[in-house]
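**Student:** Heads up: the sequence lines are chains A and B, in that order. In terms of this note's numbering, the first sequence opens at residue 1 and continues consecutively. In terms of this note's numbering, the second sequence opens at residue 411 and continues consecutively.
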Amino acid sequence: MPHVKCLRCRECGSEYPIEPLNACEFCFGPLEVEYDYESISKAVSRESIAAGPNTMWRYHDFLPVDRELAIDISTGFTPLIHAKNLGSQLGLDKLYIKNDSVNPTYSFKDRPVSVTTTKALEFEFEVLACVSTGNLMGSVAAHGAKAGMKTMVFYPADLEQGKIQGAAVYGPTMVAVTGNYDHANRFCSELADNHRWAFVNINMRPFYAEGSKTLGYEVAEQLGWKAPDHCVVPGASGELHTKIWKGLQEFNDIGLIENLKTKMHLAQPEGCSPIVGAFETGSDHVTPVRPETLAKSLAIGNPAAGPYSLEVLKETDGTGVYAEENTIIDGIKLLAETEGIFTETAGGVVISSLKKLVEQGKIKRDEVTVAYVTGNGLKTMEAMGDFVEPIQTTPDYETFQTALAAAQKS
Amino acid sequence: MSTKRVRFTFPSELIKEPVIYKLGIDFEIVTNIRRADVRDSMGWVVLELEGDDEIIKDGLDWVASTGVRVDPVGGDIIEG
Numbered sequence: 001m002p003h004v005k006c007l008r009c010r011e012c013g014s015e016y017p018i019e020p021l022n023a024c025e026f027c028f029g030p031l032e033v034e035y036d037y038e039s040i041s042k043a044v045s046r047e048s049i050a051a052g053p054n055t056m057w058r059y060h061d062f063l064p065v066d067r068e069l070a071i072d073i074s075t076g077f078t079p080l081i082h083a084k085n086l087g088s089q090l091g092l093d094k095l096y097i098k099n100d101s102v103n104p105t106y107s108f109k110d111r112p113v114s115v116t117t118t119k120a121l122e123f124e125f126e127v128l129a130c131v132s133t134g135n136l137m138g139s140v141a142a143h144g145a146k147a148g149m150k151t152m153v154f155y156p157a158d159l160e161q162g163k164i165q166g167a168a169v170y171g172p173t174m175v176a177v178t179g180n181y182d183h184a185n186r187f188c189s190e191l192a193d194n195h196r197w198a199f200v201n202i203n204m205r206p207f208y209a210e211g212s213k214t215l216g217y218e219v220a221e222q223l224g225w226k227a228p229d230h231c232v233v234p235g236a237s238g239e240l241h242t243k244i245w246k247g248l249q250e251f252n253d254i255g256l257i258e259n260l261k262t263k264m265h266l267a268q269p270e271g272c273s274p275i276v277g278a279f280e281t282g283s284d285h286v287t288p289v290r291p292e293t294l295a296k297s298l299a300i301g302n303p304a305a306g307p308y309s310l311e312v313l314k315e316t317d318g319t320g321v322y323a324e325e326n327t328i329i330d331g332i333k334l335l336a337e338t339e340g341i342f343t344e345t346a347g348g349v350v351i352s353s354l355k356k357l358v359e360q361g362k363i364k365r366d367e368v369t370v371a372y373v374t375g376n377g378l379k380t381m382e383a384m385g386d387f388v389e390p391i392q393t394t395p396d397y398e399t400f401q402t403a404l405a406a407a408q409k410s
Numbered sequence: 411m412s413t414k415r416v417r418f419t420f421p422s423e424l425i426k427e428p429v430i431y432k433l434g435i436d437f438e439i440v441t442n443i444r445r446a447d448v449r450d451s452m453g454w455v456v457l458e459l460e461g462d463d464e465i466i467k468d469g470l471d472w473v474a475s476t477g478v479r480v481d482p483v484g485g486d487i488i489e490g
């Protein structure tokens, strides 16, 4: 951890040592890791990064942990695919899909959780914990297993069995919390205050958030050390949006890329779009909402990084855009049918929002555009509903030919 | 006695209501405001509460019943 200076409050600027702290003691503002960029710039080059492992840990100099101690389950350096078919449909010649659904637990959460688990061991925590409705719980359970830590996974009692089993297979202690969303939220926040556990997105949040920066670094490197003209990022807490931008800024500041002019667009589902709502009204205040969306992985009604995400939208001339609920599945299908990539509902939100941005003239045909697909479609099969209409046939050739002809006519 | 850090979000129609004052007077909870932004159309206050566990819980239930939204300071922690 040679390049880390301190934790600093995003609101009042107070400085703190590198400890498992989430909030400033004075103003309760969130804390952010601060680095010595002069030291980083002396340590890294395009060549040194390219010579690193084909994982997110090739960027270890930009992360708040020691590379040697990393809990690495081969996360990151996921494909950046030139989406020619989808681009052709949308009217974009240089559209790329950053397919982060192929991480070890099939979502981008492996990036922040890998950093957090490493840091939790460094802080000598014995228990790794989270409260989640899906992707995060699987990632925490997997990393806890790899690290040999006791792992506690809290989840709403009415969660789908598939998601519960997807985390339980790694052997964590599973805790089903009854009651409504607000009660579970408050209860788990109190747990974090009263137990010396590494709650990945509570007391470990400053370190957790840093892992998402690697989604900015990778895209820049994979584009030939250039930043894209546009990024379209799914929005839940808003942290992913701010951290991809931070990653691009860091690369630009130390000279690994030049001429950073990326517009950072944010995509939320209509049923949970507090940041986009504030953007549209020109407010710098994010009013919490009660989520009612198909995109469960984006259902954060009171987004911790909402105000900072709004700042990024303003700073980069980005656009906050929401996908209507009835277009989320359309977005999933469009990506699957054109590029062979099956994403979860958050990806459907991104693709539908991308389509809107093109229709609104925010993105031009020849501009380099990256759409972030952050989770695998197999995780949200229930959201797809019963959409399959197979051709029915008995096992004989004539019947099949007749049925096929009828299907092709309709 | 324990402390709790919370964020109150006021809808426009409740901005002029002395909710925090009543929380102190009626529930005998010590309120300590750390950050706030109050405008014509909305307002939020980040504060620390000090008092008996059960009384703080009752007090927060009352605040929520008035229509003021009560959240943990760090935003929602249940992630997808």
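Yeah, the Cβ is synthetic: ideal placement off N, Cα and C, and Gly gets one too.
1. Tell whether a beta-carbon distance below 7 Å holds between A:G211 and A:V65.
2. If you drop the 5 nearest sequence neighbours on each side, which residues of the same chain put their C-beta closer than 6 Å to that of A:S14?
3. At a CB distance below 7 Å, what residues from the segment 426–451 of chain B approach chain A? Give them in sequence order.
4. Taking Cβ-Cβ distances below 9 Å as the criterion, which residues of the segment 114–144 of chain A are in contact with chain B?
5. So A:K94 and A:E359 are in contact, right, with Cβ under 8 Å, and what is the actual spacing, rounded?
6. Quick one: does B:D481 have its CB under 7 Å from some CB of chain A?
7. May I have the straight-line CA-CA distance separating A:G8 from B:V456, to the nearest angstrom?
8. Among A:L63, A:I81, A:K263, whose alpha-carbon lies nearest the alpha-carbon of A:V312?
9. So, is the C-beta of B:T476 closer than 7 Å to a C-beta in chain A?
10. Residues in the same chain with beta-carbon distance under 6 Å from A:T118, minus the five sequence neighbours each way, listed in chain order, please.
11. Beta strand (DSSP E) containing B:N442: first to last residue?
12. In terms of residue numbering, what span does the beta strand (DSSP E) encompassing A:I81 cover?
13. Find the nearest neighbour of A:K213 within the set A:R58, A:S39, A:E398, judged by alpha-carbon distance.
14. Look up A:Q268 in the DSSP assignment and say whether it is helix, strand or coil.
15. Using CA coordinates, which residue listed in A:P17, A:Y96, A:P2 is at the minimum distance from A:T338?
16. If you follow the beta strand (DSSP E) that A:F279 is part of, which residue opens it and which one closes it?
17. Give the range of the beta strand (DSSP E) segment to which B:K414 is assigned.
18. Any chance the segment 73–83 of chain A sits against the segment 33–47 of chain A, with 3 or more Cβ pairs inside 8 Å?
19. Measuring only the C-alpha atoms, how far is B:E427 from B:F420?
20. Thinking C-beta only, is A:M149 closer than 7 Å to A:A129?
21. I want to see whether chain A comes within less than 7 Å of B:E460, judged by CB atoms only; does it?
22. Give a yes or no on whether 7 Å exceeds the smallest Cβ distance from A:K5 to chain B.
23. Leaving aside the five residues before and after A:K246 along the sequence, list all residues of the same chain whose C-beta is less than 6 Å from its C-beta, in chain order.
24. Hey, B:R415 and A:F28 are a contact pair by Cβ (cut 8 Å); roughly how many whole angstroms apart?
25. Within 7 Å of any Cβ in chain B, is that where the Cβ of A:A267 sits?
26. In chain order, what are the residue ranges of uninterrupted beta strand (DSSP E) at least 3 long that sit wholly in the segment 123–206 of chain A?
27. Can you check the segment 31–102 of chain A for any beta strand (DSSP E) of at least 3 residues that lies completely inside it and give the ranges in chain order?
28. Once the 5 residues before and after A:V289 are set aside, which same chain residues still bring their CB inside 7 Å of it?
29. Go to B:V473, then tell me how far its alpha helix (DSSP H) extends in each direction, as first and last residue.
30. Tell me, please, which residues DSSP counts as bridged to A:S107.
31. Which bits of chain A does B:G469 rub up against, with CB to CB less than 8 Å?
32. Which residue's Cα is closest to the Cα of A:M56: A:S88, A:K146, A:G216?
33. Can you list the residues of chain B that A:F28 reaches, using a CB-CB cut of under 9 Å?
34. Kindly confirm or deny that the segment 156–168 of chain A and the segment 187–197 of chain A touch, where touching means at least three C-beta pairs closer than 8 Å.
35. Could you check which residue in A:P172, A:F154, A:I164 has the C-alpha nearest to that of A:A147?
36. Is there a Cβ of chain A sitting closer than 7 Å to that of B:E489, yes or no?
**Tutor:** The relevant details are as follows:
1. Looking up residue 211 of chain A in the first sequence gives position 211. Looking up residue 65 of chain A in the first sequence gives position 65. Taking 7 Å as the Cβ cut-off, A:G211 and A:V65 do not qualify as a contacting pair.
2. As a working mapping, residue 14 of chain A is identified with position 14 in the first sequence. Only C24, F26 meet the Cβ criterion.
3. Listed by position along the chain: R444, R445, D447.
4. So the close ones are C130, V131, S132, T133, G134, N135, L136, M137.
5. Taking the first residue of the first sequence as position 1, residue 94 of chain A is located at position 94. Taking the first residue of the first sequence as position 1, residue 359 of chain A is located at position 359. 18 Å between Cβ atoms; not a contact.
6. Numbered from its first residue, the second sequence carries residue 481 of chain B at position 71. B:D481 counts as touching chain A.
7. To locate residue 8 of chain A, count along the first sequence from 1; it is residue 8. To locate residue 456 of chain B, count along the second sequence from 1; it is residue 46. Residue identity differs from the one stated: residue 8 of chain A is Arg in this sequence, not Gly. Each residue's Cα considered, the two are about 19 Å apart.
8. The sequence position of residue 312 of chain A within the first sequence is 312, counting from 1. Answer by Cα proximity: A:K263.
9. On the second sequence, position 66 is the one that residue 476 of chain B refers to. So no, B:T476 is outside the interface.
10. Against the first sequence, residue 118 of chain A aligns to sequence position 118. For A:T118, the CB contacts under 6 Å within the same chain, skipping 5 residues up- and downstream, are V65, L69, A70, I71 in chain order.
11. As a working mapping, residue 442 of chain B is identified with position 32 in the second sequence. Start and end: 440–448.
12. For the purposes of this step, residue 81 of chain A is taken as residue 81 along the first sequence, with counting starting at 1. Counting along the chain, the beta strand (DSSP E) containing A:I81 begins and ends at 80–82.
13. Indexing the first sequence from 1 puts residue 213 of chain A at position 213. Among A:R58, A:S39, A:E398, the Cα nearest to that of A:K213 is on A:R58.
14. Locating residue 268 of chain A in the first sequence gives position 268, counting from the first residue. Under the three-state reduction of DSSP, A:Q268 is assigned to strand.
15. For the purposes of this step, residue 338 of chain A is taken as the residue at position 338 of the first sequence. Of the listed residues, the one whose Cα sits closest to A:T338 is A:Y96.
16. Against the first sequence, residue 279 of chain A aligns to sequence position 279. Per DSSP, A:F279 lies in no beta strand (DSSP E); the unbroken alpha helix (DSSP H) holding it starts and ends at 274–281.
17. Here residue 414 of chain B refers to the residue found at position 4 of the second sequence. 412–421 is the span of the beta strand (DSSP E), which, as asked, contains B:K414.
18. In short, these stretches do not touch, since the Cβ pair count stays below three.
19. For the purposes of this step, residue 427 of chain B is taken as residue 17 along the second sequence, with counting starting at 1. For the purposes of this step, residue 420 of chain B is taken as residue 10 along the second sequence, with counting starting at 1. When rounded, the distance between both Cα atoms is 9 Å.
20. The residue labelled residue 129 of chain A in the question sits at position 129 within the first sequence. The residue labelled residue 149 of chain A in the question sits at position 149 within the first sequence. Contact: no.
21. Reading the second sequence from its first residue, position 50 is the one you call residue 460 of chain B. At a cut-off of 7 Å between beta carbons, B:E460 makes no contact with chain A.
22. Taking the first sequence and counting its residues from 1, one reaches residue 5 of chain A at position 5. Answer no: the Cβ-Cβ gap between A:K5 and chain B never drops below 7 Å.
23. By one-based count along the first sequence, residue 246 of chain A stands at place 246. Excluding positions up to five away in sequence, the list reads K213.
24. In the second sequence, counting from the first residue as 1, residue 415 of chain B sits at position 5. In the first sequence, counting from the first residue as 1, residue 28 of chain A sits at position 28. Confirmed, Cβ separation roughly 6 Å.
25. Taking the first residue of the first sequence as position 1, residue 267 of chain A is located at position 267. So, not an interface residue.
26. Here the runs fully enclosed are 127–131, 150–156, 173–177.
27. As far as the segment 31–102 of chain A is concerned, its whole beta strand (DSSP E) runs of at least 3 residues are 31–35, 80–82, 95–99.
28. Taking the first residue of the first sequence as 1, we reach residue 289 of chain A at position 289. C272, P274, G301, listed in sequence order.
29. Locating residue 473 of chain B in the second sequence gives position 63, counting from the first residue. B:V473: member of the alpha helix (DSSP H) spanning 463–475, first to last residue.
30. On the first sequence, residue 107 of chain A is found 107 positions in, with the first residue counted as 1. The secondary-structure analysis by DSSP pairs A:S107 across a beta bridge with A:G375.
31. As a working note, residue 469 of chain B is residue 59 in the second sequence. For B:G469, no chain A residue has a Cβ inside 8 Å of its Cβ, as the nearest lies near 13 Å away.
32. For the purposes of this step, residue 56 of chain A is taken as residue 56 along the first sequence, with counting starting at 1. Nearest Cα to A:M56 within the set A:S88, A:K146, A:G216: A:G216.
33. The residue you call residue 28 of chain A lines up with position 28 of the first sequence. Under the 9 Å cutoff, chain B gives R415, R417, R444, R445, V456, L457, E458, V483, G484.
34. Because the criterion of three Cβ pairs below 8 Å is not met, the segment 156–168 of chain A and the segment 187–197 of chain A do not touch.
35. Along the first sequence, read from residue 1 onward, the residue named residue 147 of chain A stands at position 147. Measuring from the Cα of A:A147, the nearest candidate turns out to be A:P172.
36. Along the second sequence, read from residue 1 onward, the residue named residue 489 of chain B stands at position 79. Chain A contact via Cβ: present.
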